[in-house]
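K.L.:
My questions all concern the structure below.
Numbering (this note's numbering), first residue to last: 538 to 658.
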């Protein structure tokens with residue numbers, strides 16, 4: 538074997554092994570069907586003294602983020618003590634991940650007539 542062919546083999550062999558491992562790994566995942574869907578995210582906008590959308594329906598595992606777009610502070614607090622945001626000023630956010638199916642009503646503790654609900658299926 539010449540020096541040139543040894544150098545080519547020294548470079549080509551690791552590249553071929555890496556490609557083989559990459560190909561083998563990707564086909565086993567595709568064949569087994571074990572790909573997990575990415576976690577879902579949903580947004581609720583707080584604006585003009587209301588939650589939008591007022592009712593949000595999401596799958597289990599979804600992280601909901603409330604963003605205060607109003608010029609005054611608001612909160613997002615579960616009526617059943619499941620989640621509770623701090624007082625959010627303009628553009629501040631609060632997130633909660635829903636791990637169980639159910640209906641989760643909530644309101645603003647500063648403005649109790651502001652209500653909404655998250656339906657988790």
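Note that beta-carbon positions come from the ideal geometry of N, C-alpha and C, so glycine has one too.
In terms of alpha-carbon separation, which member of 656, 655, 651 lies closest to residue 586?
P.N.:
Among 656, 655, 651, the Cα nearest to that of residue 586 is on 651.
K.L.:
Is DSSP giving residue 598 helix, strand or coil here?
P.N.:
Of the three classes helix, strand and coil, the one that applies to residue 598 here is coil, per DSSP.
K.L.:
Helix, strand or coil for residue 619? Go by DSSP, reduced to three states.
P.N.:
Coil.
K.L.:
Per the DSSP calculation, residue 637 is bridged to which residue(s)?
P.N.:
Its beta-bridge partners do not exist; DSSP assigns none.
K.L.:
Ordered along the chain, which non-local residues of its own chain (more than five positions away) have a Cβ less than 8 Å from that of residue 599?
P.N.:
Same-chain partners within the cutoff: 576, 577, 578, 579, 634, 635, 657.
K.L.:
Rounded to the nearest angstrom, how far is the Cβ of residue 592 from that of residue 639, given a contact under 8 Å?
P.N.:
At roughly 13 Å, the Cβ-Cβ gap does not stay under 8 Å, so residue 592 and residue 639 are not in contact.
K.L.:
With C-beta atoms as the reference, is residue 631 less than 8 Å away from residue 615?
P.N.:
No, they are not a contact pair.
K.L.:
Along the chain, where does the beta strand (DSSP E) containing residue 652 start, and where does it finish?
P.N.:
Start and end: 652-657.
K.L.:
Which whole-angstrom value describes the C-beta separation of residue 624 and residue 610, a residue pair presumed to lie in contact below a C-beta threshold of 8 Å?
P.N.:
Yes, residue 624 and residue 610 are in contact; Cβ-Cβ is about 5 Å, under 8 Å.
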